[in-house]
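Numbering (the working numbering), first residue to last: 6 to 262. Ideal placement from N, C-alpha and C gives every residue a C-beta, glycine not left out. Here the structure is a predicted model, which means the values were calculated and not measured.
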């Protein structure tokens, strides 16, 4: 088997494995309590962005902190504009339709946060494919260990993504299918890295920052406001504990990695 064939096979397996494990875990334990599990997703997404992806982006050489922060700002504003466009299109679609929609109808049916999390997830998986390809091109054994490590650290993020998709109104089947499609972005990243490794490596910090901006934006603009609609003391304590569990989950796997 050639290096390119190995990269395609391993990136496909890595992209699919983390999604399938996360979906199995989510459906078995979380799907019936998706509204409560939004808090867990907030912890996972913020920890993935702020404790894993962004530090990794800033630790890579060749990109100035000013440019990376500018990319983060551009990413946040870009996702804000995407959400605005989705809202405007949805409002225009229902204008004058004679139906009375309950409060929050648009947010529930447009599934804006679901589509945005898929964009960020696809970019993140693309970067993982680059990392796997670079590792295999250096040494086969290093490539295998890198793929295993990436699968491990992707699982909590994929759990967070799956919860966001269910919360946005996606069915379990659609959430799994779209997550698998995003997982295959790792194959694209691996193949492009095989042919254009130097250019792909130079773009990685910026791609990681853009992916992180989607996780931060969704957690702060969509999920946390949902949590504030349930302000009771017992619910607030449960939310805080679940956020802490999400952060702890990411930290634990990062330490193992």
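Candidates the options: closest to residue i by CA position
{"i": "residue 45", "options": "186, 198, 165, 155", "result": "165"}
{"i": "residue 55", "options": "219, 137, 234", "result": "219"}
{"i": "residue 79", "options": "214, 235, 138", "result": "214"}
{"i": "residue 65", "options": "144, 257, 205, 188", "result": "205"}
{"i": "residue 43", "options": "247, 194, 212, 9", "result": "247"}
{"i": "residue 173", "options": "135, 181, 119, 148", "result": "119"}
{"i": "residue 252", "options": "139, 57, 69, 26", "result": "57"}
{"i": "residue 155", "options": "8, 10, 11, 21", "result": "21"}
{"i": "residue 175", "options": "122, 25, 15", "result": "122"}
{"i": "residue 190", "options": "207, 138, 225", "result": "138"}
{"i": "residue 210", "options": "69, 12, 11, 18", "result": "69"}
{"i": "residue 23", "options": "203, 188, 59, 249", "result": "188"}
{"i": "residue 30", "options": "221, 181, 136, 47", "result": "181"}
{"i": "residue 60", "options": "236, 249, 170, 217", "result": "217"}
{"i": "residue 32", "options": "17, 8, 167", "result": "167"}
{"i": "residue 257", "options": "159, 9, 192", "result": "159"}
{"i": "residue 13", "options": "50, 157, 136, 235", "result": "136"}
{"i": "residue 161", "options": "8, 15, 27", "result": "27"}
{"i": "residue 50", "options": "67, 125, 186, 74", "result": "125"}
{"i": "residue 224", "options": "169, 208, 163", "result": "169"}
{"i": "residue 75", "options": "199, 212, 127", "result": "212"}
{"i": "residue 157", "options": "19, 15, 8, 10", "result": "19"}
Span of the alpha helix (DSSP H) around residue i
{"i": "residue 179", "result": "177-188"}
{"i": "residue 209", "result": "202-222"}
{"i": "residue 232", "result": "229-233"}
{"i": "residue 56", "result": "Neither: residue 56 is in no alpha helix (DSSP H) and is coded neither H nor E."}
{"i": "residue 147", "result": "145-172"}
Beta carbon proximity, residue i to chain D, threshold 9 Å
{"i": "residue 26", "result": "The structure shown contains no chain D; it holds only a single protein chain."}
Subject >> At least three beta-carbon pairs within less than 8 Å, the segment 76-93 to the segment 229-236 >> reply: Segments in contact, no.
**OP:** Evaluate the contact criterion for the segment 129-138 versus the segment 69-84: three or more CB pairs, one atom per stretch, below 8 Å.
**Re:** Because the criterion of three Cβ pairs below 8 Å is not met, the segment 129-138 and the segment 69-84 do not touch.
Original post:
Does the segment 133-148 come close enough to the segment 234-244 that 3 or more CB-CB pairs lie under 8 Å?
Top reply: Put simply, the segment 234-244 does not touch the segment 133-148. Fewer than three CB pairs are less than 8 Å apart.
Original post:
Whole beta strand (DSSP E) runs in the segment 237-261 with 3 or more residues, listed along the chain?
Top reply: List check, beta strand (DSSP E) in window: nothing returned.
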